[in-house]
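A.B. asks: Each step along the sequence shown adds one to the number in our numbering, with nothing skipped, and position 131 is 132.
A virtual CB, placed ideally from N, CA and C, is assigned to each residue, including glycine.
Here the structure is a predicted model, which means the values were calculated and not measured.
Before I ask anything, let me first share the structure, which is written out below as structure tokens.
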Amino acid sequence: MGSQDKVSARHASWFAYLRQFSFVIKHTACTLNKVADALSRRHSLLTTLHVSVPGFDVLPDLYPSDPFFGKIWRDTELGIGTIYVIYDGFLFHGAQLCIPESSLRQQLIRELHGEGHIGRDRTLKLVSSSYFWPTLRRDVERFIVRCGICQAAKGKANNSGLYLPLPIPTQPWTDVSMDFVLGLPRTQKGNDSIFVVVDRFSKMVHFIPCKKTTDAVQVAGLFFREVYKLHGLPLSIVSDRDSRFLSHFWRSLWRLLRTKLDMSSAYHPQTDGQTEVTNRALGDLLRCLVGDHIKSWDLVLCQAEFAHNRAVNRSTGFSPFQVVCGYLPRCPADLALSPDRTRFHGRACDFVEDFAALHEQVHSNLETATRKYKSAVDIHRRDVQFEVGDLVWAVLTKDRFKPCTYNKLKSRKIGPLEIVEKINNNAYRLKLPPHMNTADVFNVKHLVPFIAEDGVDDTQNLRSNFLLTPGDLM
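So, in structure tokens, the structure goes:
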């Protein structure tokens, strides 16, 4: 090596290090390199290695005093029974080593389960293939439920929390919900979104074309130009956590007007389910009306609004026009009818004459529809409630990550996190670390109870392992 003209920096570094030692490097051909094996050495010179597993050496001393294995140990020593055998001081159940009551049971489960954090059944088979004790199944199930790594990395809650309906209004346009339909083709007027306003009592809607870049001030202007002039100020507004609805201007405006703002919990659109259903119906209407002229959808939006408000709503049993105006507006199809032919059923005419009775019927129908929906939904849900101070895992949804940072190998949950406020049975405010720039209100379906391992207070360690680092969340 020292005679070479060119050597790499890496080789030169090694050569400088080796020069401090006195030795001779010789090359031995492969055919001449006869490596000695164990069979060619004298038996008396061989060293025997013994491997011992810590903890197992105390088992023979624990068998006689064990509540379950004590009698079996004594009977086996006397030769009574054939299921158990004693070999080299250890008690065996067939090919399974019997483990008396001790901390070794938890240690074995922890070691075997920790190899790959496999599920309950596979861990049970793995442990029972070599070991036996009477409460093995219960101990394995109990350990799996409390495994911190499994709680954070596996599964997610999707049926927690019973259906909690919003309060039913008593008259039209006192309680409304708002949302945006985004991602539409840009029209000649530059519109690419729809501002949707729904009356939660009558189900009447207003579809207002707008732009994706419309800010909170412009949204307020749209509301007052298109909705306020017809129906006045609402008492409450239900919306999602869009940045426009969370802005300081928007909150200050409605605080001055004494209108209550009800925000949905983060990434749980079911809270504003009425508007979400309306958005789907609007999409179906527009697809039918625009045909091939997809960039002129804003020209037929008024037609879609009229058709939606004229149709009978399944929950109320009446069309929004009947509930708000007391009559069903005429449409081009009505021109084919004779002038003296009424458009109303006799019973409907009675309702029109008495608005109070009509609204009472609508309210009753809404309550009935809500009860039916709640009964149908709650069949597939579990009633899970938490209290302030409880520790929980928060399920991570893809929406909470910054674009291009989500991957399948990230932990499914973060925590343990402390509940600092119980908004209602389905919404909770959590104490998030300062670096997590995301909404701190979670729906109960995104929360899982934190279960600590028996006798182990490792909460701080779990927090450091499973709380995301800065930049992981928006």
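(1) Considering only residues of the same chain and omitting the five flanking positions on each side of I195, which have a CB-CB separation below 8 Å?
(2) When you compare only the Cα positions, how much space is there between H114 and T124?
(3) Apart from the five residues just before and just after V228, which ones in its own chain have a Cβ nearer than 6 Å to its Cβ?
(4) Could you check whether the region 99-107 touches the region 62-82, counting it as contact only if at least three pairs of C-beta atoms, one from each stretch, sit closer than 8 Å?
(5) Is S203 near V324, with beta carbons less than 7 Å apart?
(6) Could you check which residue in W255, P235, R201, Y328 has the C-alpha nearest to that of A217?
(7) Report the residue from G95, C151, R147, A154 whose alpha carbon sits nearest the alpha carbon of S129.
(8) Mind checking whether S320 and A308 have CB atoms under 7 Å apart?
(9) By how many angstroms is the C-alpha of L223 removed from the C-alpha of L329?
(10) Give the DSSP-derived three-state secondary structure of F16 in the structure shown.
(11) What separation, rounded to the nearest whole angstrom, lies between the Cα atoms of I145 and H436?
(12) Could you check where the beta strand (DSSP E) with T178 kicks off and where it finishes?
(13) On the DSSP letters alone, give me the boundaries of the alpha helix (DSSP H) that I145 sits inside.
(14) Report the residue ranges of all alpha helix (DSSP H) runs contained in full by the region 62-129; include only those spanning at least 4 residues, in chain order.
(15) Measuring CB to CB, does D200 end up less than 7 Å from P173?
(16) If you draw a straight line from the C-alpha of N482 to the C-alpha of T317, how long is it?
(17) Hey, could you find the ends of the beta strand (DSSP E) R256 is sitting in?
(18) In whole angstroms, give me the CA-to-CA distance for H381 and I420.
(19) Does the separation of the CB atoms of N310 and F322 fall below 7 Å?
(20) Taking DSSP as the reference, what is the three-state secondary structure of H447?
(21) Residues in the same chain with beta-carbon distance under 8 Å from R147, minus the five sequence neighbours each way, listed in chain order, please.
(22) In chain order, what residues of the same chain lie with their CB nearer than 8 Å to the CB of G120, ignoring the 5 residues before and after it?
(23) Give the DSSP bridge partners of N1, in chain order.
(24) To the nearest whole angstrom, what separates the beta carbons of W394 and K423, a pair I think is in contact under 8 Å?
(25) Taking the C-alpha atoms as reference points, what is the distance between L234 and M205?
(26) From this set, R281, L258, R242, which residue's C-alpha is nearest S265's C-alpha?
(27) Do you know offhand how far F467's Cα is from K7's?
(28) With DSSP as the reference, please indicate the residues paired to A428 in a beta bridge.
(29) Could you pull the start and end residues of the alpha helix (DSSP H) that P210 belongs to?
(30) When you compare only the Cα positions, how much space is there between F352 and C326?
(31) What does DSSP give as the partner residues of V385 in its beta bridges?
(32) For my contact list, R484 and D58 are in at a C-beta cut-off of 8 Å; report their separation, rounded to the angstrom.
(33) Put R342 into one of helix, strand or coil per three-state DSSP.
(34) Under three-state DSSP, which class holds V324?
(35) Which residue wins for smallest C-alpha separation from T214, given the options L258, R245, L431?
C.D. replies: Well, looking at it:
(1) Working through the sequence shown from its first residue, we reach residue 195 at position 194. By the criterion of a C-beta distance shorter than 8 Å, I195 is surrounded in its chain by F181, V182, L185, F208, I209, P210, C211, L283, L302, once the five residues flanking it on both sides are discounted.
(2) Along the sequence shown, one-based indexing puts residue 114 at 113. Along the sequence shown, one-based indexing puts residue 124 at 123. Taking the straight line from one Cα to the other gives about 6 Å.
(3) Here residue 228 corresponds to residue number 227 of the sequence shown, with the count starting at 1. These residues qualify, in order along the chain: V198, H207.
(4) The region 99-107 is in contact with the region 62-82.
(5) Locating residue 203 in the sequence shown gives position 202, where the first residue counts as 1. Locating residue 324 in the sequence shown gives position 323, where the first residue counts as 1. Against a cut-off of 7 Å, the Cβ pair of V324 and S203 comes out as a contact.
(6) Residue mapping note: residue 217 aligns to position 216 of the sequence shown, counting from 1. The residue with the shortest Cα to Cα distance from A217 is W255.
(7) The residue labelled residue 129 in the question sits at position 128 within the sequence shown. Checked all of G95, C151, R147, A154; the closest Cα to S129 is G95.
(8) In the sequence shown, residue 320 corresponds to position 319, counting from 1. In the sequence shown, residue 308 corresponds to position 307, counting from 1. One thing to note: S320 has its Cβ no nearer than 7 Å to the Cβ of A308.
(9) Within the sequence shown, residue 329 is the residue found at index 328, counting from 1. Within the sequence shown, residue 223 is the residue found at index 222, counting from 1. Using only the alpha carbons, I get a separation of about 26 Å.
(10) One-based indexing of the sequence shown puts residue 16 at position 15. Reduced to three states, the DSSP call for F16 is helix.
(11) Translated into the one-based positions of the sequence shown, residue 145 becomes position 144. Translated into the one-based positions of the sequence shown, residue 436 becomes position 435. Rounded to whole angstroms, the gap between the alpha carbons of I145 and H436 is 31 Å.
(12) Translated into positions along the sequence shown, residue 178 becomes position 177. Reading off the sequence, residue 178 comes out as Ser, not Thr. Taken as a continuous stretch (DSSP letters only), the beta strand (DSSP E) holding S178 covers 176-182.
(13) For the purposes of this step, residue 145 is taken as the residue at position 144 of the sequence shown. DSSP places I145 inside the alpha helix (DSSP H), whose first and last residues are 137-147.
(14) For the region 62-129, whole alpha helix (DSSP H) runs of length 4 or above, ordered along the chain, are 70-78, 105-115, 121-129.
(15) Counted from its first residue, the sequence shown places residue 200 at position 199. Counted from its first residue, the sequence shown places residue 173 at position 172. In terms of Cβ geometry, D200 and P173 form a close pair [threshold 7 Å].
(16) Outside the displayed span of the chain (2 to 475) sits residue 482, for which this structure offers no information.
(17) Working through the sequence shown from its first residue, we reach residue 256 at position 255. Not the beta strand (DSSP E): R256 falls in the alpha helix (DSSP H), residues 249-257.
(18) Here the question's residue 381 lines up with position 380 in the sequence shown. Here the question's residue 420 lines up with position 419 in the sequence shown. About 25 Å.
(19) Within the sequence shown, the letter at position 309 stands for residue 310. Within the sequence shown, the letter at position 321 stands for residue 322. Cβ distance < 7 Å, so N310 and F322 count as in contact.
(20) Numbered from its first residue, the sequence shown carries residue 447 at position 446. Three-state DSSP puts H447 in a helix.
(21) If you number the sequence shown from 1, residue 147 lands on position 146. So the qualifying residues of the chain are I452, A453, E454, D455.
(22) For the purposes of this step, residue 120 is taken as residue 119 along the sequence shown, with counting starting at 1. Hits under 8 Å: I145.
(23) Only positions 2 to 475 of the chain appear in the structure, and residue 1 is not among them; the question remains open.
(24) Residue mapping note: residue 394 aligns to position 393 of the sequence shown, counting from 1. Residue mapping note: residue 423 aligns to position 422 of the sequence shown, counting from 1. In fact, because the Cβ distance is near 17 Å, the residues do not count as touching under 8 Å.
(25) The residue labelled residue 234 in the question sits at position 233 within the sequence shown. The residue labelled residue 205 in the question sits at position 204 within the sequence shown. Straight across, the Cα-Cα distance linking L234 with M205 is about 15 Å.
(26) Locating residue 265 in the sequence shown gives position 264, where the first residue counts as 1. The alpha carbon of S265 has as its nearest neighbour, out of R281, L258, R242, the alpha carbon of R242.
(27) In the sequence shown, the residue the question calls residue 467 occupies position 466. In the sequence shown, the residue the question calls residue 7 occupies position 6. For F467, the predicted model reports a pLDDT of 49, less than 50, meaning its position is unreliable; a value from the coordinates is still stated below. Their Cα atoms are separated by approximately 51 Å.
(28) As a working note, residue 428 is residue 427 in the sequence shown. A428 pairs with N425, N444.
(29) By one-based count along the sequence shown, residue 210 stands at place 209. For P210, there is no enclosing alpha helix (DSSP H); the enclosing beta strand (DSSP E) has its first and last residue at 206-211.
(30) Position 351 of the sequence shown holds residue 352. Position 325 of the sequence shown holds residue 326. Per-residue confidence for F352 stands at a pLDDT of 47, beneath the threshold of 50, marking its modelled position as unreliable; the derived number appears in the next sentence. Roughly 11 Å between the two C-alpha positions.
(31) What you label residue 385 is simply residue 384 of the sequence shown in a count that begins at 1. Residue pairing by DSSP places V385 in no beta bridge whatsoever.
(32) Only positions 2 to 475 of the chain appear in the structure, and residue 484 is not among them; the question remains open.
(33) Locating residue 342 in the sequence shown gives position 341, counting from the first residue. The predicted model places R342 with a pLDDT of 45, which falls under 50 and marks its position as unreliable; any figure quoted below should be read in that light. Here R342 carries a coil assignment [DSSP, helix/strand/coil].
(34) The residue labelled residue 324 in the question sits at position 323 within the sequence shown. It is helical.
(35) By 1-based counting over the sequence shown, the position of residue 214 is 213. For the residues L258, R245, L431, the minimum Cα distance to T214 belongs to R245.
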